[in-house]
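No gaps in the numbering here: position 60 of the sequence shown is 59 in numbering that gives the first Met the number 0, and each next residue is one more. To start, the structure itself, in structure tokens.
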Amino acid sequence: MNLLVAGLVLAALLPVGPPPDASPKSAAPSSVCVLPLGKYDRELLLPAVRGVKAVYGMPVRVLEKRSLPKSAWYEPRGRYRAEKLLAFLDEEAPKECKAMVGFTSVDISTTKGKVKDWGIFGLGMVGGRSCVVSTFRLARKMPDRRKAKIRTIK
């Protein structure tokens, strides 16, 4: 199992193909679409894309960056609500995208038990089409960028 994880991480870190911004804007049928949202870490986007390709074996397309929806902003804690970002991604998903991945570096949260606003790495729903990933907690206070890339891929 450790060998499999190491292989996936290595495959995702190897420089192959054009940068994410060079991807066609339209997605191939049955592809995973990655949508950069607001502020995002460009250095971590490509390893994340490669990780999705390695794990799921599907074409991955990086869509044009979009602003974060104001409706997802949670003023009391100064971060974005992940479940509202999922709804936004579902609405914005091109029909040719089998799955949507929102990618951002802003702080995101959801409700966990009695905690109304729990900070998270990412969120997806079982049976849902979309998920959102934030590098805010994955890469902060991590001067070793290689470790940040590995955490993002996982």
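Backbone N, C-alpha and C fix where the C-beta goes; we use that ideal spot for every residue, glycine too. Computed from a predicted structure; not experimentally measured.
Asked, Found
"Own chain partners of VAL8 with C-beta closer than 6 Å, once the 5 adjacent residues on each side are dropped", "Its pLDDT being 40, under 50, VAL8 is placed unreliably in this model, and the coordinates cannot settle the point."
"Check whether ASP143 and SER104 have beta carbons under 8 Å apart", "no"
"Contacts around VAL59, its chain only, beta-carbon distance under 7 Å, and the 5 residues preceding and following it disregarded", "SER30, VAL31, VAL33, VAL48, VAL51 and LYS52"
"Within the region 54–103, ranges of the beta strand (DSSP E) (whole runs, at least 3 residues)", "59–61, 78–80 and 96–103"
"As assigned by DSSP and simplified to three states, the class of LYS113", "coil"
"8 Å contact criterion, which LEU173 and LEU67 should meet: CB distance rounded", "Absent from the structure is residue 173, since the part of the chain shown begins at 0 and ends at 153."
"Residue range of the beta strand (DSSP E) that includes LEU34", "30–35"
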